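S.K.:
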Amino acid sequence: MTHPGIAAVLTWRPEALGDLADEWDSAAGRLQAQADTVDGAIKASANAITGSAADSARDAIGPTTVGLRRACRSLILAAAEARDAAVVIGRGRDRVLTAVAQARGEGCPVADDGTVSPPLRPSTLLLACSGGSQAAAEAVLDTRAAELTRVVQAALKGLGAADADAARAIDAAFGVDAPAAAVGPAGALGDPVSDWPHLSQDSIAGRLAAMSDAERRRLVEHHPHEVGNTDGVPWELRVAANRINIANAILDERRTIDAPVEAKLRAAIAPTMDPADAERLWATMHVDPAAQAAAIAAHDRDARGRIAYYETLLADVPDPLDRERAVARQILAFDPARESLIELSGDLGSAHALAVLVPGLNTTFDGSADDVATARRFVAGSGGRVAVISYLGGPFPTGQLAVGVADAADARYALQMAPRLAAFSEDVDRRAGSIPVTYLGHSYGGSILGTAERFGLTADRVVYVEAAGAGVGVGNPSDWHNRNPAVLRFSMTAPGDPIGLVQGIPFGAHGADPDLMPGVIQLDAGRRLTGQPMAGPSAHSDVLNEPSDAWHNILAVISGDRDHIRLK
41 MTHPGIAAVL
51 TWRPEALGDL
61 ADEWDSAAGR
71 LQAQADTVDG
81 AIKASANAIT
91 GSAADSARDA
101 IGPTTVGLRR
111 ACRSLILAAA
121 EARDAAVVIG
131 RGRDRVLTAV
141 AQARGEGCPV
151 ADDGTVSPPL
161 RPSTLLLACS
171 GGSQAAAEAV
181 LDTRAAELTR
191 VVQAALKGLG
201 AADADAARAI
211 DAAFGVDAPA
221 AAVGPAGALG
231 DPVSDWPHLS
241 QDSIAGRLAA
251 MSDAERRRLV
261 EHHPHEVGNT
271 DGVPWELRVA
281 ANRINIANAI
291 LDERRTIDAP
301 VEAKLRAAIA
311 PTMDPADAER
321 LWATMHVDPA
331 AQAAAIAAHD
341 RDARGRIAYY
351 ETLLADVPDP
361 LDRERAVARQ
371 ILAFDPARES
381 LIELSGDLGS
391 AHALAVLVPG
401 LNTTFDGSAD
411 DVATARRFVA
421 GSGGRVAVIS
431 YLGGPFPTGQ
441 LAVGVADAAD
451 ARYALQMAPR
461 LAAFSEDVDR
471 RAGSIPVTYL
481 GHSYGGSILG
491 TAERFGLTAD
501 RVVYVEAAGA
511 GVGVGNPSDW
521 HNRNPAVLRF
531 SMTAPGDPIG
541 LVQGIPFGAH
551 GADPDLMPGV
561 IQLDAGRRLT
571 GQPMAGPSAH
581 SDVLNEPSDA
591 WHNILAVISG
601 DRDHIRLK
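Using our numbering, read the sequence shown as starting at 41 and increasing by one per residue.
Following this line, the structure appears as structure tokens:
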């Protein structure tokens with residue numbers, strides 16, 4: 041593979057890719073506005089003009105808006121690839137410049153192709169170290185030049201490869217060289233997903249297996265919401281569909297940002313405002329640029345925040361095993377309306393075990409980064425032998441202090457999410473194959489997990505981690521109906537964790553105390569990195585966040601490392 045020359049690299053500005061990405065985002069917004077205008081006109085004409093000629097005209101222009109919206113989505117996805125490329129190519133360029141600077145700092149000329157030549161003459165110090173032998177000194181310089189050549193040219197090749205990878209990714213986002221069948225008409229498959237809610241996962245998987253590659257690509261293109269959020273669909277298709285779903289969510293938020301200024305200013309006037317005050321504010325915003333800018337910023341703030349978050353979901357992330365290498369995120373479900381976000385971290389193809397993490401109180405759809413970070417720590421800590429899914433299957437209880445405690449006493453979150461988790465576990469069992477699957481229910485997530493076991497979860501191992509309870513309606517082990525009769529159950533509650541005050545309370549919302557359930561194996565929380573006991577209020581989250589005895593104990597359960605599991 042050819043690589044760029046040093047002269048060319050010196051002129052590269054990788055940050056320009058970030059500027060280009062911003063331009064593509066803006067273009068997507070403008071193009072979407074045009075598509076919305078066309079769609080609006082079509083709908084308006086349907087009410088005003090009837091007849092076969094009008095229907096034919098509307099049918100003829102329909103594909104135009106479909107193409108426009110596909111172009112909008114492509115611009116958003118290409119912008120994400122460009123931002124990733126700016127980072128990767130920037131790092132590669134820095135490595136080249138560092139290697140060249142090192143060679144030149146040692147007095148070595150560097151050719152454009154990265155070949156490093158030795159200095160014209162040895163230094164006095166080198167001659168002295170070589171016993172005054174010119175030949176010996178020159179041999180040392182030749183060896184060093186060859187070593188520097190390898191370093192510089194390896195950096196150039198790495199940069200060239202990064203540039204080529206980025207070009208391919210951007211081309212793919214724009215559909216360059218995509219097979220024609222992948223972008224066929226929306227009706228080419230009829231409506232293949234309408235009966236999915238009434239089908240078993242095996243039936244859905246069977247239908248997809250019978251499709252050609254082109255049909256599956258077209259299904260992803262035209263039905264991304266269903267493909268990306270339906271159990272039974274192969275995970276590689278769910279990941280591809282959810283990139284489209286995330287791009288669509290960005291475009292939805294852009295409608296707020298791209299709204300006319302007058303509409304934004306009208307929104308700044310509350311309906312309950314006194315008419316005289318409203319009139320004064322309206323006049324002020326039209327003559328005071330600062331007031332107008334503040335109103336526009338307030339109108340756009342939430343949408344910009346959500347766009348920034350969604351862009352992180354499209355962006356590559358550091359490989360848990362090699363932070364110098366970037367990998368794509370694997371989003372298995374993305375549904376803002378249902379607050380559902382499921383992500384796989386690690387390589388399931390090479391992992392020896394899989395875990396599913398169900399978090400607890402104050403977990404939010406747009407604030408799940410900590411839970412994903414927890415998953416990646418387990419992947420890294422296992423050396424890649426473990427893959428981990430962070431599971432947000434809907435809204436969680438939220439609130440600070442007393443408000444949060446009160447909301448966490450409500451069983452409805454667990455009752456709503458548990459059936460989804462039980463259904464998802466069937467899909468997980470199918471994808472995991474022969475490798476063991478462990479479910480971790482942390483805090484309120486313990487109640488969700490226990491309730492899902494009541495509804496038929498499939499698991500090899502479950503761990504109730506500082507859990508609120510054994511599940512809604514679970515009073516004894518017979519209330520659990522795990523589809524795996526050989527399931528192993530563990531629990532961990534650190535001393536002094538306030539969660540102990542609500543575990544197993546009479547008539548409580550979350551069932552019995554999992555630590556006291558017959559057959560449940562209690563894990564030792566052990567000690568912190570400081571050597572102090574893992575105890576107290578902070579232990580509630582630290583058992584998952586700090587690489588302590590507790591964390592290693594949980595990892596040992598996930599990986600099936602019996603020799604390192606420590607019991608209480």
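Using N, Cα and C, we set each Cβ at its ideal position, and we do this for glycine too.
Every value quoted in this text rests on a predicted model; they were computed, and no experiment measured them.
With a cut-off of 8 Å on the beta carbons, I'd call A143 and L188 a contact; round off their distance for me.
M.R.: Position 103 of the sequence shown, counted from the first residue, corresponds to residue 143. Position 148 of the sequence shown, counted from the first residue, corresponds to residue 188. That belief holds up - the Cβ atoms of A143 and L188 are roughly 5 Å apart, short of 8 Å.
S.K.: Compute the Euclidean distance between the alpha carbons of V180 and G147, then round it to the nearest angstrom.
M.R.: For this step, residue 180 is matched to residue 140 along the sequence shown. For this step, residue 147 is matched to residue 107 along the sequence shown. When rounded, the distance between both Cα atoms is 14 Å.
S.K.: Spatial neighbours of L305 within its chain, please: CB distance less than 6 Å, with the 5 preceding and 5 following residues excluded, ordered by chain position.
M.R.: Along the sequence shown, one-based indexing puts residue 305 at 265. Only M325 and A335 meet the Cβ criterion.
S.K.: Can you tell me where the alpha helix (DSSP H) with P329 in it begins and where it stops?
M.R.: On the sequence shown, residue 329 is found 289 positions in, with the first residue counted as 1. Start and end: P329 to L354.
S.K.: Are at least three pairs of beta-carbons, each pair with one atom in the segment 574-588 and one in the segment 512-521, less than 8 Å apart?
M.R.: Result no; under three Cβ-Cβ pairs closer than 8 Å.
S.K.: Taking A510 and G490 to be in contact with their CB atoms under 8 Å, please state how far apart those CB atoms are, rounded to whole angstroms.
M.R.: Along the sequence shown, one-based indexing puts residue 510 at 470. Along the sequence shown, one-based indexing puts residue 490 at 450. Indeed they touch by this definition, with Cβ atoms about 4 Å apart.
S.K.: I need the DSSP call for L57, collapsed to helix, strand or coil.
M.R.: For the purposes of this step, residue 57 is taken as the residue at position 17 of the sequence shown. Note: L57 maps to helix in three-state DSSP.
S.K.: Where does D555 sit, in a helix, a strand or coil, going by DSSP?
M.R.: Position 515 of the sequence shown, counting from 1, holds the residue named residue 555. Correct three-state label for D555: helix.
S.K.: Alpha helix (DSSP H) containing M457: first to last residue?
M.R.: Residue numbering aside, residue 457 sits at position 417 when the sequence shown is read from its first letter. M457 -> alpha helix (DSSP H) spans R452 to A472.
S.K.: The alpha helix (DSSP H) spanning P264 covers which residue range?
M.R.: Here the question's residue 264 lines up with position 224 in the sequence shown. Its alpha helix (DSSP H) spans residues P264 to G268.
S.K.: Does M325 come out as helix, strand or coil in the three-state DSSP assignment?
M.R.: Counted from its first residue, the sequence shown places residue 325 at position 285. Note: M325 maps to helix in three-state DSSP.
S.K.: In whole angstroms, what separates the C-alpha of R606 from that of H392?
M.R.: Translated into positions along the sequence shown, residue 606 becomes position 566. Translated into positions along the sequence shown, residue 392 becomes position 352. Cα-Cα distance, rounded: 21 Å.
S.K.: The beta strand (DSSP E) spanning S433 covers which residue range?
M.R.: Locating residue 433 in the sequence shown gives position 393, where the first residue counts as 1. The displayed chain sequence assigns Gly, not Ser, to residue 433. Unbroken beta strand (DSSP E) run through G433: V426 to G433.
S.K.: With a Cβ-Cβ cutoff of 8 Å, do G23 and Y484 count as a contact?
M.R.: The displayed coordinates of the chain run from 41 to 608. Any statement about residue 23 would go beyond what the structure contains.
S.K.: Taking the alpha-carbon of A495 as reference, which of A118, L455, E293 and S163 has the nearest alpha-carbon?
M.R.: Sequence index remark: in the sequence shown, residue 495 carries index 455 (1-based). First, the residue type needs correcting, since residue 495 is Phe and not Ala in the sequence shown. Nearest of A118, L455, E293 and S163 to F495, Cα basis: L455.
S.K.: Could you check whether A141 and V192 sit closer than 8 Å to each other, using their CB atoms as the reference points?
M.R.: As a first step, residue 192 is located in the sequence shown; it is residue number 152 there, counting from the start. As a first step, residue 141 is located in the sequence shown; it is residue number 101 there, counting from the start. Not in contact: V192 and A141 (Cβ atoms no closer than 8 Å).
S.K.: Since R652 contacts P54 with CB under 8 Å, what's their CB separation in whole angstroms?
M.R.: Beyond the ends of the chain as shown, which are 41 and 608, falls residue 652; an answer cannot be given.
S.K.: I'd like the list of long-range same chain contacts for A579, defined as Cβ closer than 7 Å, with 5 residues on each side in sequence excluded.
M.R.: Taking the sequence shown and counting its residues from 1, one reaches residue 579 at position 539. Cβ neighbours of A579 beyond the five flanking positions: A534, G536, D537 and A565.
S.K.: Less than 8 Å separating the beta-carbons of P162 and Q174?
M.R.: Your numbering for residue 162 matches position 122 in the sequence shown. Your numbering for residue 174 matches position 134 in the sequence shown. Closer than 8 Å, so yes.
S.K.: Which residue wins for smallest C-alpha separation from V514, given the options L528, A492, F530 and D356?
M.R.: Along the sequence shown, one-based indexing puts residue 514 at 474. For the residues L528, A492, F530 and D356, the minimum Cα distance to V514 belongs to A492.
S.K.: Could I get the ranges of all uninterrupted alpha helix (DSSP H) runs contained in the segment 469-510, with 4 residues as the minimum, in chain order?
M.R.: If we require 4 residues or more, the alpha helix (DSSP H) runs fully inside the segment 469-510 come out as 484-494.
S.K.: Using the Cα positions of T270 and N282, report the straight-line distance between them to the nearest angstrom.
M.R.: Position 230 of the sequence shown, counted from the start, is the residue given in the question as residue 270. Position 242 of the sequence shown, counted from the start, is the residue given in the question as residue 282. If I take the Cα positions, the gap works out to 11 Å.
S.K.: D609 to E293, Cα distance in whole Å?
M.R.: Since the first and last residues shown for the chain are 41 and 608, residue 609 lies out of range.
S.K.: Can you grab the Cα-Cα spacing for the pair G434 / I545, in whole Å?
M.R.: Position 394 of the sequence shown, counting from 1, holds the residue named residue 434. Position 505 of the sequence shown, counting from 1, holds the residue named residue 545. Near 26 Å, if we compare the C-alpha coordinates of I545 and G434.
S.K.: Mapping DSSP to helix, strand and coil, what is F547?
M.R.: Locating residue 547 in the sequence shown gives position 507, counting from the first residue. Three-state DSSP puts F547 in coil, outside helix and strand.
S.K.: Going by DSSP, what residues sit across from F530 in a beta bridge?
M.R.: Counting from 1 along the sequence shown, the entry for residue 530 is found at position 490. Beta-bridge pairing links F530 to V503 and I561.
S.K.: Using DSSP with H/G/I as helix, E/B as strand and the rest coil, what is V233?
M.R.: Taking the first residue of the sequence shown as position 1, residue 233 is located at position 193. V233: coil per DSSP, three-state reduction.
S.K.: Please determine, among A307, Q74 and A125, the residue with the shortest C-alpha to C-alpha distance to T104.
M.R.: Numbered from its first residue, the sequence shown carries residue 104 at position 64. Minimum Cα distance to T104 is reached at Q74.
S.K.: Quick one, which of L381, T183, R131 and S599 has its alpha-carbon nearest A195's?
M.R.: What you label residue 195 is simply residue 155 of the sequence shown in a count that begins at 1. Checked all of L381, T183, R131 and S599; the closest Cα to A195 is R131.
S.K.: Let me confirm a value: T51 is counted as buried when at least 16 other C-beta atoms fall within 10 Å, else exposed. Which label applies?
M.R.: For the purposes of this step, residue 51 is taken as the residue at position 11 of the sequence shown. Classification of T51: exposed, given that the 10 Å Cβ count is below 16.
S.K.: Does the structure place the segment 344-357 close enough to the segment 245-254 that three or more beta carbon pairs sit under 8 Å?
M.R.: No contact exists between the segment 245-254 and the segment 344-357.
S.K.: Taking all protein chains shown into account, do 16 or more other C-beta atoms lie within 10 angstroms of the C-beta of N288, making it buried, or fewer, making it exposed?
M.R.: For the purposes of this step, residue 288 is taken as residue 248 along the sequence shown, with counting starting at 1. Burial call: buried.
S.K.: Can you give me the C-alpha to C-alpha distance between A472 and R365, rounded to a whole angstrom?
M.R.: If you number the sequence shown from 1, residue 472 lands on position 432. If you number the sequence shown from 1, residue 365 lands on position 325. Roughly 25 Å between the two C-alpha positions.
S.K.: Tell me whether H604 is buried or exposed, calling it buried when 16 or more other Cβ atoms sit within 10 Å of its Cβ.
M.R.: Position 564 of the sequence shown, counted from the start, is the residue given in the question as residue 604. Exposed.
S.K.: Could you give the first and the last residue of the continuous beta strand (DSSP E) run that contains I309?
M.R.: Residue mapping note: residue 309 aligns to position 269 of the sequence shown, counting from 1. First-last for I309: undefined, no H or E at that position.
S.K.: Please classify A48: is it buried, with 16 or more other beta-carbons within 10 angstroms of its beta-carbon, or exposed?
M.R.: Residue 48 sits at position 8 when you count from the first residue of the sequence shown. Exposed, by the Cβ-count rule.
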